[in-house]
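Heads up: the sequence lines are chains A and B, in that order. Be aware that the first sequence starts at 1, since it is given in the working numbering, and climbs by one per residue. Be aware that the second sequence starts at 1001, since it is given in the working numbering, and climbs by one per residue. Remarks on the structure that follows.
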Amino acid sequence: MRLAAVALAAAAALLACAPSAAAANGWWTFNRNSNLNSTLSWKWTYPPSPAQYSHSWRAGSGSSTDECRRGEGWLPGGWYAQWGHWNHYGGSAVKGRVWWLQDKYCYDGITKRVELFIHSEETAENGQTCTSAWDDPTCWEREADYYSLGCIKLARPSPVANFPNDLGSAHSYYHGYGGSSEHGDLPNDAYELYVFS
Amino acid sequence: MALSKLLLIGLALSTALAACGDGERASVTHRPAADAPAVYTVGAKVFGLDGGPARLASPPVTPLAGWLTPAAVPSADGRYLAYNAWRELRRDDPKLSWLDQGIEPGDALATPSIRLHDNLSGTDEVLAEGAFSLAWRADGALAYFRGAERDYRAGISYVGDVVVRPTPEAASEVWSSERGRYIVVGWAGPRLVAYSEQEGEALDVVVFDGPGRMRLLAPGSGLVAISPDGRQAFVEQGPSQGRPRVRVVSVATGRASAALDLTTVDPVVGTVGYSGDWRGDRVVASSASGLAVFRVERGKIALADSLRIAASSVAEPRFVDESGRHVKAWTSVRRGGVFLDCDFAIGACNRTMPLPETRGVHGFPAWRRPLYNPSRPLGTS
């Protein structure tokens, strides 16, 4: 499912004559529908105009809808500060184009979810390593790859499956419409995420 | 007069809660609730300890571990309770971002600690500050994670070491060869089982054979339970790691002796979760729809039973007896944790919410958790 939603009725017309992207102010939202099929949106405005524009992608999160289950539950509801964005992140479990999010208490007010990212399944060099394994962590093979341990996951194409390039699209919208042009640690930058409960 | 008033308030609360429709039985007495686990906590109150109910200096909570590890662990002889505490250094409102709360990178947010409650003397003292998640061996050896820094800080991974004390009074010895994000779970005989956590809350089950001797036991997995003799571990993998499956692995060698692809059994099971229990040849774990019991035989795992439970999720199931058909667990409802007392023979669970009026931190519902010792072998659990 690829969503190209515009918040206001006149948005399409406005987008056609939009001012420069540098003047935009953007943020993420995440609508939790299911672990395999939720919606990540990049929204932006051109201040001082209140008109909102958005582009949305199918995204997954967690393998349980209990946001308090560490390593299993989807991303807890609420506002998140974004703490960094990398094009070639070389972590042990998360690689490539990623956005790093703050830690968050879940609904019980006690359990902290930590080490949270928006990411896909790719190598640090933004490639795909698809072996004969049923599920290679750096290859987007199938529907089940939308499952995560808690992070938000976006699809991308691979040599073995024809998923849309949602990671690439989100990356382009982020940089082109009101996100930061910078990479690396961006502690407490203005590009926040809101996760609907 | 005052007592009568309290009883009346209690009765009114019970009636009001019973009318709310969640179906659980609300207990407002300070006696252990019959359907609750053998030892459990409601906020800072603990029930089921030798010597009767006790009030701890702080509620046992594990914010950085959830229920990957117990919130508190009774000693094998029942005299002590070692538990996790969490002291917030500044308020962190989950509805707001850190940016909107003025929380800057490196700001100290909280101090985790491990405390020791003596049921005999009633003392309650800090065993280690800047520490969380513990495992208590039958001979008294205590293992836990100790942060490189005392405080958990915004935007900084809370890394540290796994340390072991032969007794609570003894000096600690570092067992991890490098700092990392570890969550200690339990002893398997002389070996220590823990998690190593990476980005995205990716969990590897690891084993420490001694100081500086850590091995990967089950990558990308959760620990369901350690076998009664401490020689094996029952581990699970969820759908984000490939086909959901469970395996029995030797703690000494890491070799798998049995495996079960969960896509080949009753689809009501779906996936299973960590932190279950193992008695005799049976293992109980939470499942996507409730509970699942597996029979572990030589070289084989078979699904023995499953139970659908109308709950958002079920956590920390524990066998009540050797029958393998009676299990206690907990789940969450809007008003906080609820204990489940499940009978596979009749296919249903009773619910109970002891001390329903208890509030948790910052107005959140109180945590209600079973307290147990997952280490094996052990005389008690």
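Yeah, the Cβ is synthetic: ideal placement off N, Cα and C, and Gly gets one too.
| Item | Value |
| --- | --- |
| If I follow the unbroken alpha helix (DSSP H) through S172 of chain A, where does it start and stop? | D166 to G176 |
| What ranges does the beta strand (DSSP E) occupy inside the region 1159-1222 of chain B, keeping only unbroken runs of at least 3 residues that lie completely in it? | 1160-1165, 1182-1188, 1191-1198, 1202-1210 and 1213-1218 |
| So, does the region 1060-1073 of chain B touch the region 1119-1139 of chain B, judging by three or more C-beta pairs under 8 Å? | yes |
| I want to see whether chain A comes within less than 8 Å of G1155 of chain B, judged by CB atoms only; does it? | yes |
| Give me the DSSP bridge partner(s) of T1041 of chain B. | B:V1046 and B:R1369 |
| Can you give me the start and stop residues for the beta strand (DSSP E) that L36 of chain A sits inside? | Per DSSP, L36 of chain A belongs to no beta strand (DSSP E) and is neither H nor E. |
| DSSP three-state call for F1294 of chain B: helix, strand or coil? | strand |
| Using a Cβ cut-off of 9 Å, pull out every chain B residue sitting near E125 of chain A, in sequence order please. | Near E125 of chain A there are no residues of chain B at all, since even the closest Cβ is about 17 Å away, more than 9 Å. |
| Starting from Q1232 of chain B, find everything on chain A with Cβ-Cβ shorter than 8 Å and list it in chain order. | Result: empty, since nearest Cβ-Cβ is about 22 Å, beyond 8 Å. |
| Does the region 80-96 of chain A come into contact with the region 184-195 of chain A, if we say contact requires no fewer than three beta-carbon pairs (one atom in each stretch) closer than 8 Å? | yes |
| Look up E1129 of chain B in the DSSP assignment and give the residues it is bridged to. | B:S1113 |
| Going along the region 1233-1255 of chain B in order, which residues come within less than 9 Å of chain A, judged by CB to CB distance? | G1238, P1239, S1240, Q1241, G1242, R1243 and P1244 |
| For S64 of chain A, go through chain B and note every residue whose CB falls closer than 7 Å to its CB, in chain order. | S1313 |
| Check the DSSP bridge columns for R113 of chain A and list the partner residues they point to. | A:K104 |
| Determine whether the beta carbon atoms of G179 of chain A and G71 of chain A lie at a separation below 8 Å. | no |
| From A1085 of chain B to G1347 of chain B, what distance separates their C-alpha atoms? | 36 Å |
| Assign Q1241 of chain B to one of three DSSP states: helix, strand, or coil. | helix |
| Pick out whichever of B:L1223, B:L1056, B:W1330 and B:Y1372 has its Cα sitting closest to the Cα of A1233 of chain B. | B:L1223 |
| Report yes or no: is there a C-beta of chain B within less than 8 Å of the C-beta of W57 of chain A? | no |
| Is S92 of chain A close to chain B, meaning its C-beta is less than 8 Å from at least one C-beta of that chain? | yes |
| Flag F1364 of chain B as yes if its beta-carbon sits less than 8 Å from any beta-carbon of chain A, otherwise no. | yes |
| Please list, in chain order, the chain B residues whose beta carbon lies closer than 7 Å to that of C149 of chain A. | The sequence given here has Leu at residue 149 of chain A, not Cys. What L149 of chain A touches in chain B: G1200, E1201, A1202 and S1240. |
| Taking the alpha carbon of S1312 of chain B as the point to measure from, which residue in B:E1088, B:V1320 and B:V1333 has its own alpha carbon closest? | B:V1333 |
| At which residues does the beta strand (DSSP E) containing R1137 of chain B begin and terminate? | Where R1137 of chain B is concerned, there is no enclosing beta strand (DSSP E), given that its DSSP letter is neither H nor E. |
| List the residues of chain A whose Cβ lies closer than 7 Å to the Cβ of S1097 of chain B, in chain order. | W79, Y80, A81, Q102 and E192 |
| So who's on the other strand from Q207 of chain A, going by DSSP bridges? | Only positions 1 to 197 of chain A appear in this structure, which leaves residue 207 of chain A out of reach. |
| When the distance is taken between beta carbons, is R1243 of chain B closer than 8 Å to T1263 of chain B? | yes |
| Interface residues of chain B around C139 of chain A at Cβ under 9 Å? | Neighbours of C139 of chain A on chain B: none; closest Cβ ~12 Å, over 9 Å. |
| Closer than 8 Å, CB to CB, is W225 of chain A near chain B or not? | Lying before the first or after the last residue shown, residue 225 of chain A is absent from chain A, which here runs from 1 to 197. |
| Would you mind working out which of B:E1104, B:R1150 and B:L1127 sits nearest T1167 of chain B, comparing C-alpha positions? | B:L1127 |
| At 7 Å on the CB atoms, spell out the chain A contacts of T1271 of chain B, in chain order. | S63 |
| Spatial neighbours of R142 of chain A within its chain, please: CB distance less than 7 Å, with the 5 preceding and 5 following residues excluded, ordered by chain position. | A161 |
| When the cut-off is 8 Å and only beta carbons count, does W1330 of chain B lie next to chain A? | no |
| Have a look at A1143 of chain B and S158 of chain A and give me their C-alpha separation to the nearest angstrom. | 44 Å |
| Round the Cβ separation of A170 of chain A and L40 of chain A to the nearest angstrom and send it over; I've been treating them as touching at under 8 Å. | 7 Å |
| Helix or strand or just coil, what does DSSP make of D1092 of chain B? | coil |
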